[in-house]
Each structure stands twice: as C-alpha cells, then as structure tokens.
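Residue numbers for the sequence shown follow the numbering used here, beginning at 2 and rising by one.
Backbone N, C-alpha and C define an ideal beta-carbon position, used for all residues, glycine too.
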Amino acid sequence: MASTGMKHIGILATTAEGAALVYRQICALSMARLGGHRHPEISLHAFSFSDYAGSWAQREQHWPQLVLRSAAKLQACGADFLICPANTTHEAYTQVAPQLPIPWLHIADPVRRAAQQQGLQRLLLLGTQATMQGRVYEPRLAGSGIELLKPDAQEIEQVHRFIMEELVAGVVTQAARGYFCALAAKYHREQGAQAVVLGCTELPLVLDAQAGVPLLDSTALLAQAAVEYALGEG
2 MASTGMKHIG
12 ILATTAEGAA
22 LVYRQICALS
32 MARLGGHRHP
42 EISLHAFSFS
52 DYAGSWAQRE
62 QHWPQLVLRS
72 AAKLQACGAD
82 FLICPANTTH
92 EAYTQVAPQL
102 PIPWLHIADP
112 VRRAAQQQGL
122 QRLLLLGTQA
132 TMQGRVYEPR
142 LAGSGIELLK
152 PDAQEIEQVH
162 RFIMEELVAG
172 VVTQAARGYF
182 CALAAKYHRE
192 QGAQAVVLGC
202 TELPLVLDAQ
212 AGVPLLDSTA
222 LLAQAAVEYA
232 LGEG
C-alpha cells in the first residue's frame, strides 16, 4: 500500500553509520505506529564522506555548498522536508536553512523537547570537537533553562578521535565503549549531569542503556521527529 497522505522524508546524509541508523529507526517507528510494513516515502542522498572530512578545516566555506547541493537533489526526488543525521553538519544550518525551498528539521530541537519533557536541566554534551565546542546546540537551547556541560580539552580530543577514527567507519572497540561509559559516569557523579546528549549520530554504537546514565540519543529523537512531521503532527 502506498504511503498516501504522508510527507516524503529527505535524508541528507553525511556518514554511512548515521544515515543507516536514522533510516532504520524511521522505518521501525513508522511500522510500529501504522502497522504492517508502512512507512513514509524516504529518499537519501550522500556525497562521499571524504568531501566533508577532507574540508574539515574549511567547513564554514565548503559545507554549506555541499548541503545546498544535497538538498536540491532531495527536493528533486520529491522530498517535502529534510533531516540530517549528522550533528556537526548543522553548523551550516543558520546559513543554509533560509535558502532552502523545503523545511530542514534541526537535530537539536527534538533533544531540547525531550529534555524539557523529562525535566532535565543539566546535560553533558558529547560529539565531535566542533559540536562540543561549537554552535550546534547552544542557540537551540537558549532560554530553555537547560545547562550544557562540556568535557575538558583532553577529553574532547579523545572523544573526537574515537568518533573520526573508529565510529564513523562502524568500528566499535572495547576501548571506546569503556572510555565513553567512564566519561558519562564521571560527569554524572562529579558534576551532576542528569543525562548525556549523544550529539553525534554514531555514539549509540558505544553508549546504550547499559551505560547506567540517562541518554538523549539525537539520532533516535530525530527519527521520531521526522515520523511525527511526516504524519502531520510536527
């Protein structure tokens, strides 16, 4: 049966792991809600990840153009709105979103809503170096009463290294699992972090319910927001 009446989701992909995770979650959430094997129409576009990784130092200049080109391809496929399962790519949001002919759902917004619904006010943010030090989350959380905790400089460097050298390629080691679990527990215990924001779409590969600390999974929350928007609830 065709997905009549549902908006067409465009996935603007950066990494394979993040795109695959959000695609699977959208389908699973939709089928659980709608029954059978029904889910909204979905299109995905991805440039080579090397186009993003290779221009990391110049991302303020290069990434907006990649996003615009990717968005144009998705719109041409019939997408009614966009999601991007890559937190760091949202650095381009402020510059790019006003130029897009279709809406782009910001990944930090469902994270903020989930924190507010759960009464969480002190969150540890984990992600790439750019996400932890940059402007992906702070502007979207402004005025919400939510405080973001950040790892120290050495921890940021190690988190970034695990993400870029292992997780984006789908490599999961015990060393990475142990490090992230210990880091989450440390900030929960010593600085009162009520939950950890998985601000990188690959972090669910190493942090899950067994971490012993509440998690706000940006990938899963984005998938949920996309389904709700596609069904006309967003």
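For Pro152, the nearest candidate out of Thr132, Val169, Ala170, Gly144 (CA to CA): To locate residue 152, count along the sequence shown from 1; it is residue 151. Closest by alpha carbon: Thr132.
When Ala176, His46, Arg113, Ala170 are compared against Ala196, the one with the closest alpha-carbon: Stepping through the sequence shown from its first residue, residue 196 is reached at position 195. The shortest Cα separation from Ala196 among Ala176, His46, Arg113, Ala170 belongs to Arg113.
For Ala231 and Pro41, believed in contact at Cβ under 8 Å, the rounded distance: To locate residue 41, count along the sequence shown from 1; it is residue 40. To locate residue 231, count along the sequence shown from 1; it is residue 230. Yes, they are in contact, since the Cβ atoms of Pro41 and Ala231 sit about 4 Å apart, within 8 Å.
Under the three-state DSSP convention, the category Val207 falls into: Along the sequence shown, one-based indexing puts residue 207 at 206. DSSP, read as helix, strand or coil, puts Val207 in coil.
Identity of the residue in Glu158, Leu121, Gln134 nearest Ile147 by Cα: For the purposes of this step, residue 147 is taken as residue 146 along the sequence shown, with counting starting at 1. The candidate whose alpha carbon is nearest that of Ile147 is Leu121.
The region 53 to 67 in contact with the region 21 to 39 per 3-pair CB rule at 8 Å: Look at the beta carbons and you see the region 53 to 67 not touching the region 21 to 39: under three pairs across the two are nearer than 8 Å.
Residue burial classification, Ser71 (beta-carbon count within 10 angstroms, cutoff 16): Taking the first residue of the sequence shown as position 1, residue 71 is located at position 70. Burial state of Ser71 is buried, judged by a 10 Å Cβ sphere holding 16 or more other Cβ atoms.
Length at least 4, wholly inside the region 78 to 116: the alpha helix (DSSP H) runs in chain order: The qualifying runs are 94 to 97.
Backbone secondary structure at Asp218 - three-state DSSP: In the sequence shown, the residue the question calls residue 218 occupies position 217. Strand at Asp218.
From Val207, Gln66, Ala221, residue whose alpha carbon lies closest to that of Pro86: Counting from 1 along the sequence shown, the entry for residue 86 is found at position 85. The closest CA to that of Pro86, considering only Val207, Gln66, Ala221, is found on Ala221.
Helix, strand or coil at Leu168 [DSSP, three-state]: Here residue 168 refers to the residue found at position 167 of the sequence shown. Note: Leu168 maps to helix in three-state DSSP.
Supposed close pair Thr15, Thr129 - CB separation, criterion 8 Å: Looking up residue 15 in the sequence shown gives position 14. Looking up residue 129 in the sequence shown gives position 128. Contact between Thr15 and Thr129 does not hold, since their C-beta atoms are separated by about 11 Å, which reaches or exceeds 8 Å.
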